[in-house]
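Residue numbers (the working numbering): 7 to 138. First the structure, in the form of structure tokens, and then the observations on it.
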């Protein structure tokens, strides 16, 4: 089989799969509610005991408070990514918060949050787990 034909078949096949996934609704961004964030966190960390979930107003992230400390869950396409915040650096930015994780698979995340939500999240992140 000529290389040009093989290349056309591969590109056409991958494009067709992408179109089918999009038409089937599999390319929609996940929107997090308290219930869906709790379920997603427990899928990532099944041994954690979740005490409180605060979804962002945008629905694209949630602050998850557990007995072991706070964690961050965010939408990544149709799925979610969760990271404990114990080893993370959190700093305020002009539009929200910047999370720096000590993890090569998710080195950092900038999250846009309204001022009141940003203050509430910072307060809860900086509160010891026993007090939360």
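Every residue, glycine too, gets a C-beta built ideally from N, C-alpha and C. Just so it is clear, the structure is predicted and the values come from calculations on it, not from any experiment.
Excluding the 5 residues preceding and the 5 following residue i in the sequence, name in chain order all residues of the same chain whose CB lies nearer than 6 Å to its CB.
i, result
"residue 104", "97, 116"
"residue 125", "none"
How would you label residue i, buried or exposed, when you count the other beta carbons within 10 angstroms and need 16 or more for buried?
i, result
"residue 86", "buried"
"residue 133", "exposed"
"residue 23", "exposed"
"residue 43", "buried"
"residue 10", "exposed"
"residue 83", "exposed"
"residue 92", "exposed"
"residue 102", "buried"
"residue 29", "exposed"
"residue 12", "exposed"
Using the Cα positions of residue i and residue j, report the straight-line distance between them to the nearest angstrom.
i, j, result
"residue 33", "residue 100", "30 Å"
"residue 77", "residue 31", "29 Å"
"residue 5", "residue 41", "Look at the range of the chain in this structure, 7 to 138, and you will see that residue 5 is not part of it."
"residue 60", "residue 15", "46 Å"
"residue 51", "residue 19", "36 Å"
"residue 17", "residue 35", "25 Å"
"residue 73", "residue 48", "13 Å"
"residue 127", "residue 53", "23 Å"
"residue 58", "residue 118", "21 Å"
"residue 56", "residue 21", "40 Å"
"residue 184", "residue 69", "The first residue shown for the chain is 7 and the last is 138, placing residue 184 beyond what the model contains."
By Cβ distance below 7 Å, which residues in the same chain neighbour residue i in space, the five residues on each side in sequence not counted?
i, result
"residue 89", "77, 78, 107, 109, 112"
"residue 122", "none"
Between residue i and residue j, how many whole angstroms is the CB-CB distance? I'm expecting something under 8 Å.
i, j, result
"residue 46", "residue 67", "The Cβ separation is near 11 Å, so there is no contact."
"residue 130", "residue 71", "6 Å"
In its own chain, which residues sit with a C-beta less than 8 Å from the C-beta of residue i, not counting the 5 before and 5 after it?
i, result
"residue 94", "78, 105, 106, 107, 108"
"residue 120", "63"
"residue 39", "61, 65"
"residue 114", "104, 105, 106, 107"
Next item on the list: Please specify which runs of the beta strand (DSSP E), each continuous and at least 3 residues long, are wholly inside the stretch 63-89, giving them in chain order.
Entry: 67-72, 75-82
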